[in-house]
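First comes the structure, then the notes that go with it.
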Amino acid sequence: MSTENRLQLPWWQKYTLSLTESAEYFGIGYKKLAKFVDEHKDEKFILWNGTRAQIKRVMFEQYVNEHMDAI
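Here the sequence shown stands for residues 0 to 70, numbered as in numbering that gives the first Met the number 0.
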């Protein structure tokens with residue numbers, strides 16, 4: 000399937016987001032988010048695709064709401 004024909008879902012409908020998408024979606028700097036992921040490698044909201052982290056959007060939203068006042 001070519002890139003042009005591939006269905007592009009809006010970020011709020013995706014199950015996982017790349018770090019770039021997550022940084023924009025959550026309003027967190029990319030470097031800060033990458034450092035956070037590196038420090039929390041075993042959290043349930045991270046899905047590893049090889050060495051590339053994908054953020055499980057809904058689970059990360061819940062984590063942020065429950066555990067964070069600042070990042």
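Here a beta-carbon is modelled for each residue, glycine too, at the ideal position from N, C-alpha and C.
Contact check for A52 and V36: beta-carbon distance about 5 Å, within the 8 Å limit, so the pair qualifies.
DSSP links Q53 through a beta bridge to L46. Boundaries cannot be given for Y14, as no alpha helix (DSSP H) includes it and DSSP labels it neither H nor E.
Going by beta carbons, A33 and L18 fall inside the 9 Å limit. Note that the C-beta distance between K13 and E20 is below 9 Å. DSSP places D41 outside both helix and strand once states are collapsed to three, so it counts as coil.
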